[in-house]
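J.: For the sequence shown, the positions run 15 to 227 when my numbering is used.
Quick one: the structure is below, and I'll ask about it shortly.
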Amino acid sequence: MVTKVAVVTGANKGIGFAIVRGLCKRFDGVVYLTSRDETRGENAVIQLSKEGLHPKYYQLDITSVKSVEKFRDYIKKEYGGIDILVNNAAIAFNNNTKEPVTVQAEQTLFVNYFSLLSTCEILFPILRNGARVVNISSSCGHLTQIPGVALRNRFKDPNLTIEQLGELMQEYIEAARKGTQVAEWGNSSYVVSKVGVTALTKIQQRMYNDRGK
Ligand SMILES: NC(=O)c1ccc[n+]([C@@H]2O[C@H](COP(=O)([O-])OP(=O)(O)OC[C@H]3O[C@@H](n4cnc5c(N)ncnc54)[C@H](OP(=O)(O)O)[C@@H]3O)[C@@H](O)[C@H]2O)c1
């Protein structure tokens, strides 16, 4: 019999940790709690074991292609594929951070958008038939959060491709470097990263629906 596999990224704390807890209670298969930091991840597993829950653990840094590929190869060898993938890992700078907006823009989009995308690209080939993917966006990911009307329309384009979306994300980073981002993009890199995740998720669904047409 095939063992079903659920994977949650960034699951050592917060929402990811709670999703692992929920899956351990409801999912008929193995649940992988993954984290970028091994000690934090293993401590989270110990915490759940005290609740009688037994997720498996794997170190997974979504910003490292090598790390995600290693995980993919391991899962493929041990189980053959993935049935549930929850792309939860993300970062957010504090509202009162002293980091320059350029740093916030580059780092936030690198983790929340570009690394989520590369994780999908690496892991999607081993999704099994009927698999489910959950990209955790946010209410901050609503297009209404973007002030520029022309920009919103580009995100809304029903034919938007992943490549074009990547260009949009790069445009934001460029605008942040020049200090010209606020009027069109607003003042939050986190918002832009989550608008990107929401748009990406729609494209992925469209690509999935179009398969074999
Ligand atoms: N909290 C909210 O109100 C809220 C609302 C809407 C959406 N969300 C979204 O929900 C998700 C979880 O949020 P949260 O509040 O639970 O955040 P959190 O407590 O800060 O947890 C984020 C998790 O992501 C991990 N992470 C960060 N960078 C990573 C990387 N490169 N590779 C792997 N893991 C990485 C963190 O690991 P470390 O512990 O090592 O940093 C942590 O485990 C995020 O996508 C967030 O944007 C949150």
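All residues carry an ideal CB built from backbone N, CA and C; glycine is no exception.
Is S207 helix, strand or coil when you go by DSSP?
T.: Start at 1 with the first residue of the sequence shown, and residue 207 comes out as number 193. Helix at S207.
J.: Quick one: Cα of N173 to Cα of L214, how far?
T.: Position 159 of the sequence shown holds residue 173. Position 200 of the sequence shown holds residue 214. Cα to Cα, the separation comes out at about 12 Å.
J.: Is any non-hydrogen atom of ligand 1 found closer than 8 Å to the C-beta of K27, if you look at the structure I gave you?
T.: The count along the sequence shown starts at 1 and reaches residue 27 at position 13. Yes, the Cβ of K27 comes within 8 Å of a heavy atom of ligand 1.
J.: Should P161 go down as buried or exposed, given a rule of 16 or more other Cβ atoms within 10 Å for buried?
T.: By 1-based counting over the sequence shown, the position of residue 161 is 147. So P161 ends up on the exposed side.
J.: Mapping the DSSP letters down to three states, classify R146 as helix, strand or coil.
T.: As a working note, residue 146 is residue 132 in the sequence shown. Three-state result, R146: strand.
J.: Got a sec: does ligand 1 put a non-hydrogen atom nearer than 8 Å to the Cβ of R50?
T.: For the purposes of this step, residue 50 is taken as the residue at position 36 of the sequence shown. R50 Cβ: within cutoff of ligand 1.
J.: On the criterion of 16 or more Cβ atoms from any shown chain inside 10 Å, does R225 qualify as buried, or is it exposed?
T.: Here residue 225 corresponds to residue number 211 of the sequence shown, with the count starting at 1. By the 10 Å Cβ count, R225 comes out exposed.
J.: Could you tell me if M15 is buried or exposed, where buried requires 16 or more neighbouring beta carbons within 10 angstroms of its beta carbon?
T.: Counting from one through the sequence shown, the residue named residue 15 turns up at place 1. It is exposed - the Cβ of M15 has fewer than 16 other Cβ atoms within 10 Å.
J.: In the DSSP output, what is L47 paired with across the bridge?
T.: Mapped onto the sequence shown, residue 47 falls at position 33. Answer is V22 and Y71, bridged to L47.
J.: Can you tell which of R40, L99, P139 and K64 has the C-alpha that lies nearest to the C-alpha of A25?
T.: The residue given as residue 25 occupies position 11 in the sequence shown. Per the Cα distances, L99.
J.: Going by C-alpha to C-alpha distance, which of N126, C134 and E181 sits closest to S202?
T.: Within the sequence shown, residue 202 is the residue found at index 188, counting from 1. For S202, the nearest C-alpha among the options comes from N126.
J.: On the DSSP bridge list, what partners appear for V100?
T.: Start at 1 with the first residue of the sequence shown, and residue 100 comes out as number 86. Looking at the DSSP assignment, V100 forms a beta bridge with V22 and V148.
J.: I'd like to know if the stretch 112-131 and the stretch 205-219 are in contact, where contact means that at least 3 CB-CB pairs between them fall below 8 Å.
T.: Yes, the stretch 112-131 touches the stretch 205-219.
J.: Can you look up L141 in the DSSP assignment and give me helix, strand or coil?
T.: Translated into the one-based positions of the sequence shown, residue 141 becomes position 127. Of the three classes helix, strand and coil, the one that applies to L141 here is strand, per DSSP.
J.: If you measure from the CB of N109, is any heavy atom of ligand 1 nearer than 8 Å?
T.: Within the sequence shown, the letter at position 95 stands for residue 109. No - ligand 1 has no heavy atom lying nearer than 8 Å to the Cβ of N109.
J.: Using DSSP with H/G/I as helix, E/B as strand and the rest coil, what is G180?
T.: Residue 180 sits at position 166 when you count from the first residue of the sequence shown. Residue state, collapsed to three classes: helix.
J.: Can S8 be considered in contact with ligand 1, in the sense that its beta carbon sits closer than 8 Å to one or more heavy atoms?
T.: For residue 8 there is no data in the structure shown, the boundaries of the chain being 15 and 227.
J.: Between the alpha carbons of P114 and K192, how many angstroms are there, rounded?
T.: Translated into the one-based positions of the sequence shown, residue 114 becomes position 100. Translated into the one-based positions of the sequence shown, residue 192 becomes position 178. Spanning the two alpha carbons is a distance of roughly 12 Å.
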